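Q: Residue numbers (my numbering): 53 to 991.
Backbone N, C-alpha and C define an ideal beta-carbon position, used for all residues, glycine too.
Note that the coordinates shown come from a computational prediction; the quantities given were computed from them, not determined experimentally.
This is the structure I have questions about; it appears just below.
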């Protein structure tokens, strides 16, 4: 059985390793270009009012500069448009150098002296993603920084009235939190751009302050959406390379009626098309260029400041981040174009397809496509060109004179930019007033490029393929063949709408004639969220595409599309197979926070099994055995399923509310948020269905983690053994009652005046010392008994044990210290404290971010304020200290042991029910299970 157990948990940890490998490394290589500074960057500190400097001594405000610009701004007499960069979790204010340097370089080529002043905030690199106590403090300091920045422009005739905010990670959340401050003037900020910011919910909720902060921000932006309609917010997610903040969390919680809130993924940004990790999204040149271009287009030439027109802001952001047409809406364009060129420049196209390559010599060239004979047979006109100059190139002829078009309208506004070429798709039903289409292939500058156009019937070029089931394990495939007589084909991926689905999509192309062709572009289009991904492939080739989703489909009205921009006269075969590693990666990406919850459940169940063993036989079981038996989904998951079903009944909901129970916990929704305040708390079906698998993964972490913990304790005890006298007593490392009271009082006071996490950590170290002494005593006794001559039988040296009833502990009180019975007592206590130490390590891990935050800010304040650990630090310290003297003899004779052995199971069920989104609650449930156990040492 032991071999089977090891094999099972080995297989489970193998699944976990495969999923983690896919999560951390299973993505494309970093294709971002690095941004470089051409001169040494300088960060000039901006003086703040004394009151602000006294309230926030750890924070600072800086102005970014380089070279001559840095010298010119020494006196802080600024004339540019203010932009403020906000770093995120553990982020540095120096991360603003990419944005600042690119903005300075681009300003050198701008007419009229248009430029930006890039400021940056130093938040002391605080771990605000894990400790929420500083978020409100950062928000208040940001408010003061904005006011200080605007004061620097008071000498101008037309000073700026607002500041543009660029927030990375948690900096973007802090930017939106500004509007929750009661005295904040909403006119101070009307444009926010966030990069990889988890707006929907925190990645890990390790303290209540973090969730309270998110709740306040969400409540403000959803309930007062009308008041904030003029504030434009753009949220950019990094894609699959960012495993710290999944892109689904970057979706803005807002009402569907608010068009000024945009959420998208970097892979869908024109001229970017790359996935970024959590840090590279700040310096990715492609994305920084898109941001800076948008900023310059948002400047008003008259005031030299950012426009306050919401329509203008939205049009510019859509132009640079969503669709990159020929020109932006609002620009003055001549809608009536007169084309009176020589007849030799015009060519009629009577075939269904045009393929034309320009010569090296510059020339004027136009192609005419008559619409009259095509309207009934075809629905669309498709055209593409690898001339990436975003100029007008397709026109609709309104009036024709002979072979030339006298009056034409520009139809190029619908142009879309793809990596190798630009495309334009026109619906013929929208061109009722147009008689001919005119495509310009003029290359007056001598540049060579290719133009390909064709008439299309959308119905004939759209096919459907059902994707394999997620449990097919790649053994079955959905195949579809495309005989490419066209330039665009669309494949609907049926039943592909959940985030736990993941596929390997293979596109193989074959051509009968080998010749130079434009490359193919394969685009995975997700209609309900801007998370498209594009892959460029040569023809012929075999290309593999990753089929995964950042968000689930919110309704049943759309399907994921695979758009194939193909080469003519080639055959394509598309194969879709389920990828088990990617499925596991997706499960960990979306349900990862539930794994530590199930790890805690397994260790708590192991502790319960240990207590049951002591209750029945008076002996402690091996830690590996009780941890292996901690996997009990039939006892833990079934009650959770039952509660989920019962909560669908109105009468049970009334009982639930009458008992003042919180809602069942759940992970943040995987679909784009609709602005409901109950969004993060709503229960989705698929994480519940996957809970047995998550339980197995959590149990595997507990099993192998406990094995590593035992090995580590042996190694540390070996290192500490020379500094301790050999001991043969089970009471080694225990504390007297007076000492326990004194230590408890000292640690309680320490936690109150400094940091509760420090008191918890110190109490855990004391308990760990008790475990190490038991480990050393076990080794010492074993060596002594091996060296001692066996002059007596086991019965003579006291190792014989009279038979006891199953409910009574085995007694060895009459045995000498150096005996097999004494060794067994020490080993029983050792196994008990190994389980307890592994369980007690969980609260310590949960409070570690608070401890780190306190240590980093110790030079500014000796007390952590606010302290999320203080409410539970006092009872935890008391429990830790009482458990130091715990042994199997005391537990076996305690009347509270039956109660203590029964509590782990209901606490495990409660933990799974209420802790996935509130990880800090794990410590409270563990405390509730450990208090009766600690009382067993007294009663």
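So, is residue 485 buried or exposed, given that buried needs 16 or more other C-beta atoms within 10 angstroms?
A: Residue 485 comes out exposed.
Q: So, helix, strand or coil for residue 572, using DSSP?
A: The answer is strand: DSSP assigns residue 572 an E or B state.
Q: What are the start and end residues of each continuous beta strand (DSSP E) run of 3 or more residues lying completely inside the region 243-271, in chain order?
A: For the region 243-271, whole beta strand (DSSP E) runs of length 3 or above, ordered along the chain, are 243-247.
Q: Per DSSP, residue 534 is paired with what?
A: 624, per the DSSP bridge assignment.
Q: Which of the three DSSP states, helix, strand or coil, is assigned to residue 325?
A: The answer is coil: DSSP assigns residue 325 none of H, G, I, E or B.
Q: Give the single residue among 640, 937, 256 and 583 whose Cα lies nearest to the Cα of residue 792.
A: For residue 792, the nearest C-alpha among the options comes from 937.
Q: Quick one: using the 10 Å Cβ neighbour count with 16 as the cut-off for buried, is residue 921 buried or exposed?
A: That one is buried.
Q: Alpha carbon to alpha carbon, what distance is there between residue 379 and residue 442?
A: Roughly 7 Å between the two C-alpha positions.
Q: Please specify which runs of the beta strand (DSSP E), each continuous and at least 3 residues long, are wholly inside the region 458-503, giving them in chain order.
A: List check, beta strand (DSSP E) in window: 474-479 and 488-492.
Q: Give me whichever residues DSSP pairs with residue 909 in a beta bridge.
A: DSSP output for residue 909 lists no bridge partner at all.
Q: Return the chain-ordered ranges of every alpha helix (DSSP H) run that is complete within the region 58-127 and spans a minimum of 4 residues.
A: Listed in chain order, they are 102-107 and 119-124.
Q: Among 197, 72 and 890, which has the Cα closest to the Cα of residue 757?
A: Ranking 197, 72 and 890 by Cα distance to residue 757 puts 890 first.
Q: Is it the case that the Cβ atoms of residue 419 and residue 399 are separated by a distance below 8 Å?
A: Contact: yes.
Q: Taking Cβ to Cβ, would you say residue 892 is nearer than 8 Å to residue 775?
A: No, Cβ-Cβ distance for residue 892 and residue 775 is not below 8 Å.
Q: Assign residue 521 to one of two classes, buried (16 or more other C-beta atoms within 10 Å of its C-beta) or exposed (fewer than that).
A: Classification for residue 521: exposed.
Q: Can you confirm whether the region 521-532 touches the region 571-589 when touching is taken to mean that 3 or more C-beta pairs between the two stretches lie within less than 8 Å?
A: The region 571-589 is not in contact with the region 521-532.
Q: Taking 8 Å as the threshold (beta carbon to beta carbon), is residue 399 in contact with chain D?
A: Absence of chain D from the displayed structure is noted, only one protein chain being present.
Q: For residue 287 versus residue 332, is the C-beta distance shorter than 8 Å?
A: In this structure, residue 332 does not lie closer than 8 Å to residue 287 by Cβ.
Q: Which residue comes first and which comes last in the alpha helix (DSSP H) that contains residue 917?
A: No alpha helix (DSSP H) holds residue 917; DSSP gives it neither H nor E.
Q: For the beta strand (DSSP E) that residue 168 lies in, which residues bound it at each end?
A: First-last of the beta strand (DSSP E) with residue 168: 168-174.
Q: In the DSSP output, what is residue 970 paired with across the bridge?
A: Answer is none; residue 970 lacks a bridge partner.
Q: One question on the structure: do residue 808 and residue 919 come within less than 8 Å of each other, judged by their Cβ atoms?
A: Yes, the Cβ-Cβ distance between residue 808 and residue 919 is below 8 Å.
Q: Using only the alpha-carbon positions, how far apart do residue 887 and residue 747 sit?
A: Going by the C-alpha atoms only, they are around 19 Å apart.
Q: To which residues of the same chain is residue 353 closer than 8 Å at the C-beta, ignoring the five residues directly before and after it?
A: So the qualifying residues of the chain are 164 and 166.
Q: Which residue marks the beginning of the beta strand (DSSP E) containing residue 220, and which one marks its end?
A: Its beta strand (DSSP E) spans residues 216-220.
Q: CA-CA distance, residue 343 and residue 924?
A: Straight-line Cα distance between these residues: approximately 45 Å.
Q: Please list, in chain order, all residues of the same chain as residue 591 whose beta carbon is under 7 Å from its beta carbon, the five residues on each side excluded.
A: Result list for residue 591: 561, 563, 569, 571, 572, 619 and 622, in chain order.
Q: Between residue 905 and residue 555, what straight-line distance do the alpha-carbon atoms span, to the nearest angstrom?
A: When rounded, the distance between both Cα atoms is 41 Å.
Q: What would DSSP say about residue 585, mapped onto helix, strand or coil?
A: Three-state result, residue 585: strand.
Q: Looking only at its chain, what residues have a beta carbon closer than 7 Å to the beta carbon of residue 432, apart from the 5 residues adjacent to it on each side?
A: Only 477, 478, 479, 480, 508 and 510 meet the Cβ criterion.
Q: Taking Cβ to Cβ, would you say residue 110 is nearer than 8 Å to residue 912?
A: Closer than 8 Å, so yes.
Q: Taking the alpha-carbon positions, what's the residue 743 to residue 693 distance?
A: Between residue 743 and residue 693, the C-alpha separation is close to 10 Å.
Q: By a C-beta neighbour count over all protein chains shown, 10 Å radius and 16 as the cutoff for buried, is residue 834 buried or exposed?
A: So residue 834 counts as exposed.
Q: When the distance is taken between beta carbons, is residue 160 closer than 8 Å to residue 119?
A: Result no, Cβ atoms of residue 119 and residue 160 do not sit closer than 8 Å.
Q: From residue 706 to residue 696, what distance separates their C-alpha atoms?
A: For residue 706 and residue 696, the distance between alpha carbons rounds to 14 Å.
Q: From which residue to which residue does the alpha helix (DSSP H) around residue 654 run?
A: Note, residue 654: alpha helix (DSSP H), 646-669.
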